[in-house]
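Heads up, the thing below is written out as structure tokens.
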Amino acid sequence: MDTKDLRILFVVDAIKGRNGVGAYFQDLAAHLKNHVARVELVQPCMQQPHPCQGASMPIPGDPTQRLFFPKIRELSALVWEMKPHVIVIPGPGIFSLAGYWIAKKWGIPVCVTFQTDYNRLVELYWGERLARLAGGLLNWGNRTLFRGSAAAATICASMIAQARAAGARNPQLVGTPLAAEFVQTPVRSLSDSVERVCYVGRLAAEKNIESFLALAERRPDLQFEVAGDGPLRGKVESACRSLGNLTFHGWCSRAQVVDILDRSQVLVLPSAVEAFGTVALEAMARERLVITTPACGINEWPALAQGLWVMHQGESLADTLARMQRLSPVTRREKACQARRAALAMNEDAIGHWGGVLAGCAVQAPGQGAVLPSPTLAVLRRLSSSYVRSAL
Numbered sequence: 001m002d003t004k005d006l007r008i009l010f011v012v013d014a015i016k017g018r019n020g021v022g023a024y025f026q027d028l029a030a031h032l033k034n035h036v037a038r039v040e041l042v043q044p045c046m047q048q049p050h051p052c053q054g055a056s057m058p059i060p061g062d063p064t065q066r067l068f069f070p071k072i073r074e075l076s077a078l079v080w081e082m083k084p085h086v087i088v089i090p091g092p093g094i095f096s097l098a099g100y101w102i103a104k105k106w107g108i109p110v111c112v113t114f115q116t117d118y119n120r121l122v123e124l125y126w127g128e129r130l131a132r133l134a135g136g137l138l139n140w141g142n143r144t145l146f147r148g149s150a151a152a153a154t155i156c157a158s159m160i161a162q163a164r165a166a167g168a169r170n171p172q173l174v175g176t177p178l179a180a181e182f183v184q185t186p187v188r189s190l191s192d193s194v195e196r197v198c199y200v201g202r203l204a205a206e207k208n209i210e211s212f213l214a215l216a217e218r219r220p221d222l223q224f225e226v227a228g229d230g231p232l233r234g235k236v237e238s239a240c241r242s243l244g245n246l247t248f249h250g251w252c253s254r255a256q257v258v259d260i261l262d263r264s265q266v267l268v269l270p271s272a273v274e275a276f277g278t279v280a281l282e283a284m285a286r287e288r289l290v291i292t293t294p295a296c297g298i299n300e301w302p303a304l305a306q307g308l309w310v311m312h313q314g315e316s317l318a319d320t321l322a323r324m325q326r327l328s329p330v331t332r333r334e335k336a337c338q339a340r341r342a343a344l345a346m347n348e349d350a351i352g353h354w355g356g357v358l359a360g361c362a363v364q365a366p367g368q369g370a371v372l373p374s375p376t377l378a379v380l381r382r383l384s385s386s387y388v389r390s391a392l
């Protein structure tokens, strides 16, 4: 099937603009609008709730996030009206499972993405014993989704083996798209000296924000900025009260993030667990210097790695920053320019990657009559049809 004829539906649990997964699908859907017949993104949003977004509850331990439930009737109506060739879901979640269930009932091919190292996350948060139980449940969920899907996609090479182990058949490596703000806003030239360092992202245990705060304490000669929100917000606010060179902005819009990156010379991504690290790609697109830890999946893309400063074994953030500062301004600027070129190339290639995956997935639709009639399917069709009529 030709990519330009495709109708694609994304059903995502991650809140719009609140974390990397949510931003990924927001940007991907925006790009695909110019390359496919139709694309729809069902995703919870704090500011402008989606019609398929239902009730919510707070997530224990993180007052900055909420768990949303989908409106099955509205979601069914959208699927019935749109008749997508492919439904894309990002791993186990309430919205994703609802989308998967409807897709299986109506014989629509499913593409599952694998963008989170669940085993490492549960180990980080819950300890060895509980992590074994939680990890087992998550792995079971992933296996179920993978085995029932027509395609699987992941964003870094090391996760391909994990996806295969979880039951994915022939998982595909796909790139990461960028929002227009990071690509089209005119770039400010990198200054000759390193004076300002920033962190942008979730304030959560896996992001290792403590190491960034320690760097700010160790380098009083530099200015540090933090943009983001999460369960460790209090720790950042406390550090701001004791450090005169640290500024906290809280959650920021895309335009505000561009401003923060442009007035900084360095972005630090100190994560202990990071499947990719979209903010690093965004900083590269703004022609900025980027420090990453070896845990960041973005390092696994050779063209991107050439534009990064990856921490060496045994190095602290302060050591890596000092190593960067010892180089000449010309060398740093050349690296920043190289980083922007690589980021823009990734942005272009990502849509081609996804076009191939989605077109291949669409042709795996079951033939006419392959989907057996069922009472559930009849109810879904009745609900969706009556909802569409009432909306007219």
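Per our numbering, numbering through the sequence shown is continuous, rising by one, with the last residue being 392. The beta-carbon is built from N, C-alpha and C at its ideal position, and this holds for glycine as well.
Under the rule that 16 or more other beta-carbon atoms within 10 Å means buried, what is residue i, buried or exposed?
i, result
"M311", "buried"
"R241", "exposed"
"G297", "buried"
"N208", "buried"
"Q393", "Nothing can be reported for residue 393: it is not among the residues displayed for the chain, which extend from 1 to 392."
"P177", "buried"
"G20", "buried"
"P329", "exposed"
"P70", "buried"
Taking 8 Å as the cut-off, does the CB of residue i come closer than this to any heavy atom belonging to the ligand NAD?
i, result
"E348", "For the ligand NAD, the structure offers nothing, since it holds no ligand at all."
Output the boundary residues of the alpha helix (DSSP H) element that contains residue i.
i, result
"D221", "That residue, D221, is in no alpha helix (DSSP H); it is neither H nor E in DSSP."
"A303", "302–305"
"F182", "180–184"
"E334", "329–362"
"T278", "278–285"
"I102", "94–106"
"E81", "72–82"
"R263", "254–263"
"T154", "Segment 151–154 is the beta strand (DSSP E) holding T154; no alpha helix (DSSP H) there."
"V21", "20–32"
By how many angstroms is the C-alpha of residue j removed from the C-alpha of residue i?
i, j, result
"Q325", "A303", "23 Å"
"C361", "V200", "35 Å"
"T331", "L261", "20 Å"
"S271", "V357", "29 Å"
"P220", "G244", "8 Å"
"V290", "A345", "17 Å"
"V11", "L28", "13 Å"
"L232", "V273", "16 Å"
"I89", "V39", "14 Å"
"H353", "P186", "27 Å"
"R341", "S189", "14 Å"
"V258", "A227", "11 Å"
"F224", "S238", "14 Å"
"A181", "R218", "Reading the sequence as shown, one finds Glu at residue 181 and not Ala. Taking the straight line from one Cα to the other gives about 33 Å."
"G234", "A318", "23 Å"
"G314", "A322", "14 Å"
"A23", "L203", "16 Å"
"S211", "G107", "48 Å"
"R196", "M159", "34 Å"
"R73", "L97", "14 Å"
I'd like the list of long-range same chain contacts for residue i, defined as Cβ closer than 7 Å, with 5 residues on each side in sequence excluded.
i, result
"A305", "N299"
"G250", "D229"
"M57", "R66, L67"
"A396", "The requested residue 396 does not occur in the structure, where the chain is confined to residues 1 to 392."
"Q184", "none"
"A336", "L190, E287, R288, L289"
"F248", "V226, V236, E237, C240"
Please work out which residues of its chain come closer than 8 Å, Cβ to Cβ, to residue i, disregarding the five sequence neighbours upstream and downstream, and give them in chain order.
i, result
"A37", "K4, D5, L6, R7"
"W140", "none"
"Q26", "K16, G17, L41, Q43, A179"
"H35", "T3, K4, I351, G355"
For residue i, which residues from the same chain have a beta carbon less than 6 Å from its beta carbon, with the 5 sequence-adjacent residues on both sides left out?
i, result
"V86", "I8, P109, C111, L358, C361, A362"
"Q172", "A153, V357"
"C45", "K16"
For the beta strand (DSSP E) containing residue i, name the first residue and the last one.
i, result
"A163", "Counting along the chain, A163 falls outside any beta strand (DSSP E), though it belongs to the alpha helix (DSSP H) covering 158–165."
"I298", "That residue, I298, is in no beta strand (DSSP E); it is neither H nor E in DSSP."
"S56", "53–59"
"H249", "246–250"
"V88", "86–89"
When you compare the segment 16–28 with the segment 36–56, are there three or more beta-carbon pairs, one atom per stretch, that lie closer than 8 Å? yes
Quick check: the segment 135–149 against the segment 269–279, are there 3 or more CB pairs under 8 Å? no
Does the segment 138–153 come close enough to the segment 161–179 that 3 or more CB-CB pairs lie under 8 Å? yes
When the Cβ atoms of the segment 68–83 are set against those of the segment 147–158, are three or more pairs found closer than 8 Å? no
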